[in-house]
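Quick notes on the structure that follows.
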Amino acid sequence: MQGILNYYKQCFQHDSAEINLWSSHKLAEQEKLLLQHEDELSSGFLPRLPVPFAQASALMARSALYLREKVLLHCCLFFCGTVELNGEKRKVVTPLLYRECQLQADGDNIYLLGNDTFSGQGPFTINEALLEKLVVEGHSLSQELRDNPTDVSGWIAWLRAGQADVDTSHLLHFPKLIDEAEFTSLCRKRGQFMVSRSQIILAERSLASRGILHELDKLITAPSHSAPLKALFAETQQKISASDNADTQEAYLPGLLSRAQIQALKIAANQTLGQISGPPGTGKSYTIATVAAEQVLRGKSVLIVAHTDVAVDVIADKLEQQFQLGSSLIRAGSPQFIKVLKNQIDEMLHGQHPATDETISDILLLNAKQQLNTVAREQTKMEASFIHHCRHAIRRGQKLATLQQGQSRWRLGFYNWAYRAGIKQFAQQWNVLDKLTTLIAQKESLSLKYLQLATHYRLNQLLKHKRSTLVSFASALRARQSAKQLEGFYKTDFDALKQTFPIWLSSLASLHKVLPMEQQMFDLVIIDEATQANIAACLPALQRAKAALVVGDSKQLRHFSFLSRAKQTQIQTQLGLAQDCHGLMSYRDASMLDLVSQSLTSQSQVVFLNEHFRSKPELIQFSNQQFYQGILKIMQHRPCTSSGHLHRIQVTGARDSKGVNRLEAEALIQKLSQLIDDQMNTLVPSSIGVLSCFRNQTEYLSQQIMARFSAQQIERHQLRIATPFGFQGEERDIMLLSFSITAKDSRAAVYLNRADMFNVAITRAKQAQWLFLSVQEHELPNNNLLATYLASAGQFQAAHNYVDALDTFGQSVAHAIEEKGITVWRAYHMAGLELDILCRYGDQYLAIDLIGYPGPWADFFDIELYKLLQRAGIKLIPVSYGLWCQQRELCIQQICNQFKLEQSN
5 MQGILNYYKQ CFQHDSAEIN LWSSHKLAEQ EKLLLQHEDE LSSGFLPRLP VPFAQASALM
65 ARSALYLREK VLLHCCLFFC GTVELNGEKR KVVTPLLYRE CQLQADGDNI YLLGNDTFSG
125 QGPFTINEAL LEKLVVEGHS LSQELRDNPT DVSGWIAWLR AGQADVDTSH LLHFPKLIDE
185 AEFTSLCRKR GQFMVSRSQI ILAERSLASR GILHELDKLI TAPSHSAPLK ALFAETQQKI
245 SASDNADTQE AYLPGLLSRA QIQALKIAAN QTLGQISGPP GTGKSYTIAT VAAEQVLRGK
305 SVLIVAHTDV AVDVIADKLE QQFQLGSSLI RAGSPQFIKV LKNQIDEMLH GQHPATDETI
365 SDILLLNAKQ QLNTVAREQT KMEASFIHHC RHAIRRGQKL ATLQQGQSRW RLGFYNWAYR
425 AGIKQFAQQW NVLDKLTTLI AQKESLSLKY LQLATHYRLN QLLKHKRSTL VSFASALRAR
485 QSAKQLEGFY KTDFDALKQT FPIWLSSLAS LHKVLPMEQQ MFDLVIIDEA TQANIAACLP
545 ALQRAKAALV VGDSKQLRHF SFLSRAKQTQ IQTQLGLAQD CHGLMSYRDA SMLDLVSQSL
605 TSQSQVVFLN EHFRSKPELI QFSNQQFYQG ILKIMQHRPC TSSGHLHRIQ VTGARDSKGV
665 NRLEAEALIQ KLSQLIDDQM NTLVPSSIGV LSCFRNQTEY LSQQIMARFS AQQIERHQLR
725 IATPFGFQGE ERDIMLLSFS ITAKDSRAAV YLNRADMFNV AITRAKQAQW LFLSVQEHEL
785 PNNNLLATYL ASAGQFQAAH NYVDALDTFG QSVAHAIEEK GITVWRAYHM AGLELDILCR
845 YGDQYLAIDL IGYPGPWADF FDIELYKLLQ RAGIKLIPVS YGLWCQQREL CIQQICNQFK
905 LEQSN
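In my numbering, the protein residues as written are 5 to 909.
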C-alpha cells in the first residue's frame, strides 16, 4: 500500500508545484538567484552549472531551514504581462518551465543541478496554469513540446496557433539569457511578452498543498491504515462489523425519503465503502444531510468534506435549516469558524444554551421517542388499512363488472342490494389517506423535535461529566501556531467532543488545520462532489474514518490536473508499480469517485438518485436523454407548465482576437437589465446566473455587468457570473448562457463538445434559461453537443406521453370530471409512472388511481408511489369501480373537494 500512497503523494506534489510562481518578481532577494549569460544546464550542454557562491550558499541555508514549507525550483523562459487571477487583473512575472533542483557544494564552488528524482537534467514541468490564461480554449499542448519543452521555436509556433497575444521574439536568444536591465525595461512597457531568462527560486507551497503533503507523508509511514483505505488499496473489504446489519433510523427522520435515499442510509450504516451517484438536481446535498442526521440518531460521528467550500456550505445549510442540527455541527475551516465556535462554546459553558436546561433527561428523551413510535405505528396501521380497502375494492369491482357483462339481471340487482353497504365503505380510503397525510405532518414535527432533543441530551451529559473537554478544545482553537494548536488538539478528548459536535464539515484543503490525523476517529466520512476531488487530497480524510461514502456524478465536471502523463508514468515506473496494481489509477484523469467505483465489490454498495427536483421539465429534458438514458423521474413534470421556459435569442455577433463576442454579450446584458427591472418591486426576486463556457467571454461579461449594475442589484438577485467550472454545485432560478461562437470558430466548437462541461452548463436553471447565440445548429457539425441541444430545444412539447383513451370505467370518470370544468389527461406519464387520470383546476393538480375494473387499470398504486407523488407535490386519490357505480355523485364530490370546487359548478 505504501507504494501506491507514495505514487499519489508524488503526483500531487508535482501537480501543486506551480502554485506560488505568479509573483516571482516580488520574492525577497534571499529567496531567488538570477542566472547570468547562458543557461547551459537547461540546454543540456552541461550536467551542472556553477553559480555565484555567496548568493547560492545563502539560498542553500534558507532552503534547508524551510525544507517542508518551500521548494527549490530551477525556472526558465519567463512570461511578463497582465492576467486575471481570482477575478482580479494582476501583473505577473512567472516561468513557463520549472523543475525541482539542488544546489551542491563542491570544494570552493556551488553548482546547480537537477533534482536526483529527474536523473540530472530531467524534463521540465510546463506551467500549464499560465498557458490556460494565454491561449484559446481547446488549444491542447502538443506531445512534441511535452517531450522537448526547451524547444523555443516550437513554443513560438504553438502560441501563435493558439491566438496568444504575446510577443515571443525575445525567446529566440535561448539559451543565451536576457540582460536584467533590458528585462526590467521591458516590464515597464504595456503588453505581454516572453523572454529567455532563468532563475533559481525558493517557492512557497500553498498552505493547502503543504498541509496535504505533510499528511500524505504521515500516511505513507503510518503503522496501520483505516478500513476504507484498506478496501481501496489492500484488496480487502469487509463490513463495518461482523454482526448483523445495523438497523437504520429512517423512521425517526423528517421528510419523505425515496427508496434510493433509504438505501443510501443502509449503505452508510453497513458498508466500509459506498457510492451515491446523482445527476444534477436530484438532491445529493439533501441526501448527504439525511445520512448525517441518521448517523447522529444512532450515536455516530460524521466527517463531511468536499473540494470546495461552496459544496460544504450547502450541506451545512441543509443540516441547519431542514434538520435543525446547527448546534450539533462544526463548520470547520470557514473564515468565521473559530469566532463562531468560540461564541458557541462560551454560550454552552455559561449556561446560555438550550442543552443546559436541567429538565433535559432520559425520561424526556424516551417520551419523545415513544411519541414518535406511536405515530409511526399508527401510520403503518393506516397504510395496512388502505391496502386492505384497495384489495377488497378490486375483488368487488371485478365481480360487479362480471355480473354487468352477464345475462342475469337479477344476480346483478341482488349483488348491488346485498353489498351496497360494503361497497360504500370504500369511501373510507379517502379518510385513511387524509389521516395518513396528517400523520406524516405529525411525524415531521415530532422527528425534528426528537432530533433536537437527542443532540441536546448528549451535550447536556457532556457538560455534566466532561466540561473540561470543551475548555481545552476552545483553547486549542485559539492557538495560532500550528505546534501549539496540535498540542491542544492531542490533549482534547475527541470521543467526548464528538458527543457534542457529531458532525464536522470542512473543505479538503482546510482539513489538516482543524483536525489531527487520527486513524478512524470518525465513524463515517462523506466526500461530496467526488468527481472534482483528486484522489491524493482525499486520502487523509479516508484515514480519519471507519467507513466512507463518496457522492458525485461521473457525467459532471471532473477535477483538473496540470500533471503531464509523461511525468505520471515516470513516477509510476520509479516506484516499481505494475500497470494492473490494485488501486492504481491515473492521478490526472481519475477522480475519487472513479477509484471508489473501481474498488467496490458489489452493486449493493451503489445507489443512484433518479428523482430530479430542480428544474422545469423542458430544462432537464436534453440532459436526461443525452447523458442519463432517460431514467430521471422529473418531479416538476406537468402537462400545462412544460414549455416556455427555454428561450433562444439569435444575434449576428463575432468573436474578436481574444475570443470575446461583444454583440452577444450586449444582448445578454439587455435581457438581464429587463429581468431586473421587471422584478424591481417583487418581494422575493429571482436568483440569476450568467454563464459562458469561454473564460474571456465570462471575464468580459463580468466587467460589463459590474460596471452597469449596482452592488445592491447584484446582491438582490444573487447574481453570479462564471464558467461551468464556477457553477458546479450551484443553481439559479434564471440562467443566461452566452455560447459566443460563430460558424467560423471550429476549434472553439470542439471545446464546447466536452460532455461533462456542457452537461453542467445547461442544467443550472430552475425556472427559465435564455440562450444567446451567434450560430445556427446547421452551421455546426452534426455530432456537436450544442447542435444537438439546439435541435432538441423546440421538440419538447411532443415529448408528452399520454393517450386519449381509457377503458369504459376510466372514460366515464374522465367525462364526469370534465363536465365540472376540470381539465383531464388520460393515462398520463409523469415521474416514471403512468397515472390513470391526471386533472387540473386552476394551478392545482390531482391524480386519480382507478381501482377494480378488469383490465390494465384494475390494480392500485403501491403506497410508496403515493408518497413519490406527494414528494412531487401532487396528491393521488383512489376511485374504486364499485363505489363509482353505486355512489357516483359522492366520488365526484370528493374530487371537487380536492380542488375546493363546489359540486354545483
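Note that the Cβ used here is the ideal one computed from N, Cα and C, for glycine as well.
If you draw a straight line from the Cα of A540 to the Cα of C80, it comes to about 28 Å.
In the DSSP assignment, S595 falls outside any alpha helix (DSSP H), carrying neither H nor E. Residue pairing by DSSP puts Q106 in a beta bridge opposite L117.
When the alpha-carbon of S173 is set against those of Q167, G166, W159, the nearest one is in W159. By the C-beta density criterion, S46 is buried, having at least 16 other C-beta atoms within 10 angstroms. The three-state secondary structure of W829, taken from DSSP, is strand. Taking 8 Å as the upper bound for CB-CB distance, V554 and V611 are not in contact here, some 11 Å apart. When rounded, the separation of the alpha-carbon atoms in L206 and P153 is 22 Å.
Excluding five sequence positions before and after L604, the CB atoms of its chain that fall closer than 7 Å to its own CB belong to L277, Q279, V610, given in chain order.
With distances taken between CA atoms, L145 lies nearest to E132 out of K137, E132, D155. From the listed residues V309, V688, C84, R666, the smallest Cα separation to K30 is found for C84. In the DSSP annotation of this structure, E735 is not part of any alpha helix (DSSP H), being labelled neither H nor E. Ranking Q683, G856, K559 by CA distance to the CA of H393 puts G856 first. Partner residues in the beta bridge of K74, as assigned by DSSP, are E208.
Contact between K517 and Y454 does not hold, since their C-beta atoms are separated by about 34 Å, which reaches or exceeds 8 Å. Take S228, set aside five residues on each side of it, and the residues of its chain with a beta-carbon closer than 7 Å to its own are Q523, in chain order.
Of the residues assessed, F564 falls on the exposed side of the cut-off, its CB having fewer than 16 other CB atoms within 10 angstroms. Fewer than three Cβ pairs drawn from the region 617-631 and the region 296-304 lie within less than 8 Å of each other, which leaves the two stretches out of contact. DSSP places Q654 in the strand class (E or B) of the three-state scheme. Taking all protein chains shown into account, K93 has fewer than 16 neighbouring C-beta atoms within 10 Å of its C-beta and is therefore exposed.
As summarised for the region 43-72, the continuous beta strand (DSSP E) elements at least 3 residues long and confined to that stretch are 53-55, given in chain order.
Residue range 885-890 is occupied by the alpha helix (DSSP H) that includes W888. In this structure, the beta-carbon distance from F617 to G836 does not fall below 7 Å.
Taking C-alpha positions only, A293 is separated from G330 by approximately 12 Å. DSSP places K770 inside the beta strand (DSSP E), whose first and last residues are 769-777. DSSP places A458 inside the alpha helix (DSSP H), whose first and last residues are 432-469. When DSSP reads this structure, Y845 sits in a beta bridge with Q848. Counting along the chain, no beta strand (DSSP E) covers R569; the unbroken alpha helix (DSSP H) around it starts and ends at 569-578.
In the three-state reduction of the DSSP assignment, T129 falls in the strand class, which pools E and B. Rounded to whole angstroms, the gap between the alpha carbons of P689 and A570 is 51 Å. Taking C-beta atoms as the reference points, I725 and V694 count as a pair closer than 7 Å. Rounded to the nearest angstrom, the gap between the Cα atoms of F82 and V779 is 38 Å. Within the region 280-368, the complete beta strand (DSSP E) segments of 3 residues or longer fall at 306-310, 333-335, listed in chain order. Annotation for F813: the continuous alpha helix (DSSP H) segment containing it runs 812-822. Just measuring C-alpha positions, the residue of V817, N538, I216, N464 sitting nearest L369 is N464. Here the region 164-171 does not lie against the region 38-52, with fewer than 3 beta-carbon pairs under 8 Å apart.
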